[in-house]
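Chains as they are written, first to last, in our numbering: chain A, 1 to 82; chain B, 101 to 182.
Worksheet for the structure shown next.
2 protein chains.
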Amino acid sequence: MIYKAEVRIQLKPGVMDAEGETVQRSFRLLGFSVRSVNSVRVYVIELDANSEDDARAKAVDMCKRLLANPVIQDYFIKIEGG
Amino acid sequence: MIYKAEVRIQLKPGVMDAEGETVQRSFRLLGFSVRSVNSVRVYVIELDANSEDDARAKAVDMCKRLLANPVIQDYFIKIEGG
């Protein structure tokens, strides 16, 4: 069956978010009153799996082996469909 | 008041997603059975606004002026807090 995994990868608290800071600086230059900007990367993945649990296990494996850097990033997975 | 805007920026349907395709190719090399991968960029922005509508209007303005390229990207905004 085909499942849709939405994988959300964000920097751990305390890790410098260079992209977020750059965006925040640009907002200030444009006159926006902004307290903070955090950048998050999301991958929407259609994958084959036998069950929702199987799809989740595969998505976790994808994060560990390719998508996320466990030293500086956290990942969150949402599974849909089946 | 401080509102949290979650701005989701993704490529319009039909626009080539180079990052998604690269990730998909890497998954195949690792042995994952994957139908498609779409990359999405999310910015979580804490901003000052007078109301939820005001926060939304500001986030739309931020997308138009800085975050999104309207030719190839769609944006979706979710407002929280206040």
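For each residue, glycine too, the CB sits at the ideal point set by N, CA and C.
For clarity, every value in this text was computed on a predicted model and none was experimentally measured.
Using a Cβ cut-off of 8 Å (strictly closer), state whether residue i contacts chain B.
i       : result
A:Lys78 : no
A:Arg35 : yes
A:Ile45 : yes
A:Arg25 : no
A:Cys42 : In the sequence as displayed, the identity of residue 42 of chain A is Val instead of Cys. Interface residue, yes.
A:Leu66 : yes
A:Met1  : no
A:Asp54 : no
A:Met62 : yes
A:Asp74 : no
Please say whether residue j and residue i have beta carbons closer to each other than 8 Å?
i        : j        : result
B:Arg143 : B:Leu167 : For the record, residue 143 of chain B in the displayed sequence is Tyr; it is not Arg. Yes; because the gap between Cβ atoms is below 8 Å, this pair is in contact.
B:Met101 : B:Ala159 : no
B:Val115 : B:Ile172 : yes
Under the three-state reduction of DSSP, which class applies to residue i: helix, strand or coil?
i        : result
B:Phe132 : coil
A:Ser26  : helix
A:Asp17  : coil
B:Val171 : coil
If you draw a straight line from the C-alpha of residue i to the C-alpha of residue j, how long is it?
i        : j        : result
A:Gly20  : B:Ser136 : 27 Å
A:Asp74  : A:Tyr3   : 22 Å
B:Val140 : B:Arg108 : 7 Å
B:Val170 : B:Cys163 : With the sequence shown as reference, residue 170 of chain B is identified as Pro, and Val is not the correct amino acid for it. Spanning the two alpha carbons is a distance of roughly 9 Å.
B:Ser133 : B:Ala105 : 34 Å
A:Leu30  : B:Ile177 : 19 Å
A:Ile79  : A:Asp61  : 14 Å
A:Asp17  : B:Glu146 : 15 Å
A:Gly82  : B:Asn138 : 18 Å
A:Arg28  : A:Arg65  : 37 Å
A:Arg25  : B:Glu152 : 23 Å
B:Arg156 : B:Pro113 : 24 Å
B:Asp154 : A:Asp54  : 43 Å
Does residue i come within less than 8 Å of chain A when only Cβ atoms are used?
i        : result
B:Arg128 : no
B:Lys158 : yes
B:Ser151 : no
B:Asn138 : yes
B:Asp148 : yes
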